[in-house]
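The next block holds one structure in the form of structure tokens; read it before the comments.
Number of protein chains: 2
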Amino acid sequence: MSEKDDFDLQLFLPYLLNQAAEASSLAFNQIYKNRYGMLRTEWRVLFHLGIYGTLTAKEIGARAKSHKTKISRAVAALEGRRYLKRARRENDRRVEALELTALGTSVYNELREEARRYDSALSDQMSAEERDVLRKLLLRLSRS
Amino acid sequence: MSEKDDFDLQLFLPYLLNQAAEASSLAFNQIYKNRYGMLRTEWRVLFHLGIYGTLTAKEIGARAKSHKTKISRAVAALEGRRYLKRARRENDRRVEALELTALGTSVYNELREEARRYDSALSDQMSAEERDVLRKLLLRLSRS
DNA sequence: AAGTATTAGTTGATTTTGTAACTAACAACC
DNA sequence: GGTTGTTAGTTACAAAATCAACTAATACTT
Numbered sequence: 012m013s014e015k016d017d018f019d020l021q022l023f024l025p026y027l028l029n030q031a032a033e034a035s036s037l038a039f040n041q042i043y044k045n046r047y048g049m050l051r052t053e054w055r056v057l058f059h060l061g062i063y064g065t066l067t068a069k070e071i072g073a074r075a076k077s078h079k080t081k082i083s084r085a086v087a088a089l090e091g092r093r094y095l096k097r098a099r100r101e102n103d104r105r106v107e108a109l110e111l112t113a114l115g116t117s118v119y120n121e122l123r124e125e126a127r128r129y130d131s132a133l134s135d136q137m138s139a140e141e142r143d144v145l146r147k148l149l150l151r152l153s154r155s
Numbered sequence: 012m013s014e015k016d017d018f019d020l021q022l023f024l025p026y027l028l029n030q031a032a033e034a035s036s037l038a039f040n041q042i043y044k045n046r047y048g049m050l051r052t053e054w055r056v057l058f059h060l061g062i063y064g065t066l067t068a069k070e071i072g073a074r075a076k077s078h079k080t081k082i083s084r085a086v087a088a089l090e091g092r093r094y095l096k097r098a099r100r101e102n103d104r105r106v107e108a109l110e111l112t113a114l115g116t117s118v119y120n121e122l123r124e125e126a127r128r129y130d131s132a133l134s135d136q137m138s139a140e141e142r143d144v145l146r147k148l149l150l151r152l153s154r155s
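Residue numbers (my numbering), protein chains in the order written: chain A, 12 to 155; chain B, 12 to 155.
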């Protein structure tokens with residue numbers, strides 16, 4: 012590729028991680044977007060509630076490392092679609108406990124199965140040990 | 012963390028990759044953003060030109076897997092900052108050859124050193140073998 | 001108990017991205 | 001050689017993300 016400089020952008024971790032992240036989530040994006048009209052933050056909120064049951068907006072934001080305005084708008088969108096319901100905490104009325112409705116739960120269950128299939132397809136591209144190393148390192152990088 | 016569901020979002024590759032990509036590029040983003048007022052696509056274009064010398068907008072888009080409108084705007088911004096110059100190809104006047112100016116090159120050189128340091132700091136979090144496995148798998152995922 | 005500070009969440013303005021329609025230059029076909 | 005199709009790049013408009021200012025509720029402080 013006739014480089015005039017020996018820096019290898021393809022191996023620069025922040026760039027490489029972004030490329031891999033984008034490429035490997037493209038097809039999954041299409042599923043929640045085209046099939047359910049959801050945005051990225053919306054499926055993340057849906058998944059957090061599906062997995063953990065009940066959370067506040069703040070807790071979701073902390074876990075997903077997303078800004079509260081993004082969460083707020085995603086929650087409003089999911090509520091509009093009747094995927095979740097809010098309940099003010101009586102002991103602290105600033106806080107609202109978020110929980111999936113039956114409809115939201117069924118959508119979550121469908122998407123979770125898609126996610127499982129999708130993840131398997133990606134994992135099939137590597138050996139079990141490679142997959143473990145990859146996950147371990149990605150977790151480490153996520154925390155740093 | 013009292014899950015009511017056994018799906019592990021933290022291990023779902025598209026999510027994990029995104030979290031790792033975001034976390035591990037955060038501090039580098041600050042450098043090109045705060046120090047040079049550049050956007051993500053802008054430093055990518057700068058790096059491509061720094062590494063390969065002369066490219067067209069289309070070639071950069073293909074390499075970086077970015078849409079042509081993003082490239083077009085990044086090129087206009089870099090040109091406005093006098094980091095690059097354009098030259099119409101005489102044999103095909105639709106195409107413009109892009110090349111860094113002396114100023115652009117010096118900014119590239121500085122940022123490349125930052126990138127090297129930054130990448131080393133990230134790589135120091137893992138063994139040499141782990142780093143190689145990580146890069147290999149990320150490259151594989153980028154292409155799929 | 002009043003005043004100040006903090007916290008959870010929302011809203012509005014600005015910036016950035018994505019999508020689609022466009023211009024200009026070239027290619028191919030009849 | 002004129003019509004049709006394609007390609008490189010730009011522009012205009014819509015969707016989304018970011019940032020700052022805001023409301024409402026609670027906590028601290030004196």
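Heads up, the beta-carbon is just placed ideally off N, CA and C, and yes, glycines get one too.
Opposing strand residues paired with residue i [DSSP bridges]
| i | result |
| --- | --- |
| R100(A) | D103(A) |
| L66(B) | L109(B) |
Beta-carbon proximity of residue i to residue j, cut-off 7 Å
| i | j | result |
| --- | --- | --- |
| L20(B) | F58(A) | yes |
| A87(A) | E53(A) | no |
| L28(A) | S35(B) | yes |
| A75(B) | R97(B) | no |
| E125(A) | V144(B) | no |
| R93(A) | L60(A) | no |
| P25(A) | F23(B) | no |
| I82(B) | I71(B) | yes |
| L133(A) | A31(B) | no |
| Q136(B) | R154(A) | no |
Helix, strand or coil at residue i according to DSSP, with G and I counted as helix
| i | result |
| --- | --- |
| E110(B) | strand |
| L95(B) | strand |
| H78(B) | coil |
| F18(B) | coil |
| Y23(B) | Note that residue 23(B) corresponds to Phe in the displayed sequence, not to Tyr. Coil at F23(B), not helix or strand. |
| G72(B) | helix |
| L50(B) | coil |
contact_flag[the stretch 107-116 of chain A, the stretch 63-80 of chain A] where n(CB pairs < 8 Å) is 3 or more: They touch, by the three-pair rule.
Completely contained alpha helix (DSSP H) runs for the stretch 112-154 of chain A, where each covers 4 or more residues: You should have 113-134 and 139-154.
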